[in-house]
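Each remark here refers to the structure printed beneath this line.
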Amino acid sequence: MTDFRDTDFFSDPEIAQDLPNYLASLRSACPVMREKFQDVFMVTGYDEALEVYNQQGEVFSSAVAVTGPLPPLPFTPNGNVAAQLAEHRHEMPWTDHLATFDGTHHTQHRALLQALLTHKRLKANEDYVGGLVIRLVDGLIDKRGCEITKDFAHALSTLVIADLLGVPEEDRPALLEAMGPDPTQLGGDEGFKIGADPLLHLHARFLGYLTERLDNPRDDMLTDLAQARFKDGGDPGLHVKAQLACFLFGAGQDTSARLVAFAFRTLGDMPEVQAKLRSEPHRIPEFIEEVLRTQPPVKTMSRLAIKDGVVGGVDIPAGSIVTVCSGGANRDPRHFADPDTFDYDRPGVRDHVAFSRGSHGCIGAPLARMEVRVALEQFLSRTSDIRISEERHGPAGARRYSYEPTYMLHGLQALHVEWDKA
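Residues 26 to 447 in our numbering are what the sequence shown lists, from first letter to last.
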């Protein structure tokens, strides 16, 4: 096994191309290891990851959830870190968005969104997804192949979250183009690491939607959000609601697209798994869980220690950044037997931490699971075989894949697949 301990996880793009080996190397040394480049405690053990998530709010703040150690904290931790964080939070990237909120502030805003994601609305969205997938597959099926990330996955996930919110159809392509690079792209994205709201370029558009919905209500989530109140009756205001809508739009289309691509790569790389799944399509949900375990779309979640703590028997001083590596925890042999083997029959197939845990567990996880399930149902029913393009990615056993150079998100840059029609 290659020893990656002399490689900077947060700046070396080569790690993204060999992520499982990097994480295994760290975990074999220690499941909570302080790396020497950014002085971050890297958590690669399953039980240790749960320890971090179970101490959210008490020991750990989510203020650095999106960006980790880069850029550095705008203060030197000294004494009361919680007070320092409160004073300087406005200087930190992404701290105007839900993923970085803490305490009551987080609870209030998360509850506001959860109240809108009702079973009725998700069911209606599932009906839309079914029709959308059929239309997308109709446009692709006779081509007998495509680049799945661009031609299918991103189109599917963007249109689904846009439909759920109620974004006008004519505005959806422009919104996708406006998303910009990933917040943790290695280099070239400094503009997206500056300021508490890097999605400010989307804010005016969503503020306009919400303002219009107050005057002309519709049966959509943007209308519900415009009219929403906190549980105590307080109104957070349209500017805060626009920030919530921006974040939900960005996060909702991002994770699902990566998950779709990894599901198709699994089918193409493991023909025996594909054959098994075709014989028992009712097991697609378990298949998706194992894809999430082995290829989690979110690579890391970081936390800031606001006071001294302990994780896995390792002392974490106040002011330290702790980074939970989902792919490491999900392949911890202490919890998952034969962890590098894809097996959707394994006990505890939903035990993974791909969608985080605790108070900051992914609010859109049910939507992502539903999208991928409907997509796989359609593709498996309308094809007899799905393959990885050997021309583009090489033969089985010697595949060539390129991964996005980001230290938070895990995704394929492209995936060329071929198929035979049923």
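Quick reminder that beta carbons are idealized off the backbone N, C-alpha and C, glycines included.
Residue environment for R359: exposed (fewer than 16 other C-beta atoms within 10 angstroms of its C-beta). For K145, the uninterrupted alpha helix (DSSP H) run begins and ends at 144-165, by DSSP. The region 327-392 is shown to contain whole beta strand (DSSP E) runs of 3 or more residues at 334-336, 339-341, 346-350, in chain order. Membership of K256 in any beta strand (DSSP E) is not indicated, and neither H nor E is assigned to it by DSSP. Judged by pairs of C-beta atoms under 8 Å, the region 367-385 does not touch the region 243-258, as fewer than three such pairs exist.
Scanning its chain for C-beta atoms nearer than 6 Å, with the 5 sequence neighbours on each side dropped, one finds around G277 the residues I186, G389, in chain order.
Contact holds between the region 324-336 and the region 429-443, because three or more Cβ pairs, one in each stretch, are under 8 Å apart. Residue environment analysis places S304 among the exposed positions, since fewer than 16 neighbouring C-beta atoms fall within 10 angstroms of its C-beta. In the DSSP assignment, I186 falls within the alpha helix (DSSP H) that extends over 179-190.
At a Cβ-Cβ threshold of 8 Å, V89 and A330 do not count as neighbours. The Cβ atoms of A282 and S182 lie closer than 8 Å to each other. Distances from the alpha-carbon of G155 to those of P310, L401, G386, E116 put L401 closest. Below 8 Å, enough C-beta pairs join the region 30-38 and the region 61-77 to call them touching: three or more. Remark: C-beta atoms of H441 and S409 do not approach each other more closely than 8 Å. By the C-beta criterion, the region 331-346 is judged not to be in contact with the region 378-387, since fewer than 3 inter-stretch pairs fall below 8 Å. Residue P306 holds the alpha-carbon nearest to the alpha-carbon of Q403 among G344, N355, P306, L317.
Relative to A362, the option among T319, A300, I173 whose CA is nearest is T319.
Within the model, the alpha-carbon separation for N355 versus G262 is close to 39 Å. With contacts defined by Cβ atoms closer than 8 Å, Q80 and S87 do not form a contacting pair. In the DSSP annotation of this structure, the continuous segment of the alpha helix (DSSP H) that includes I309 starts and ends at 309-319. The Cβ atoms of R308 and L317 do not sit closer than 8 Å to each other. Proximity to A124 across L48, M395, F272, V399 peaks at F272, based on C-alpha coordinates. With respect to V77, V399 sits apart: the two C-beta atoms are not nearer than 8 Å. As for any alpha helix (DSSP H) of minimum length 4 sitting wholly inside the region 394-420, the runs are 415-418, ordered along the chain. About 4 Å separates the beta carbons of A178 and V285, which is inside the 8 Å limit, making them a contact pair.
For Q81, the pairing in a beta bridge is given by DSSP as F85. Residue pairing for H441: DSSP places it in a beta bridge opposite E172. For the set A49, A136, E396, the Cα lying nearest the Cα of G386 is the one of A136.
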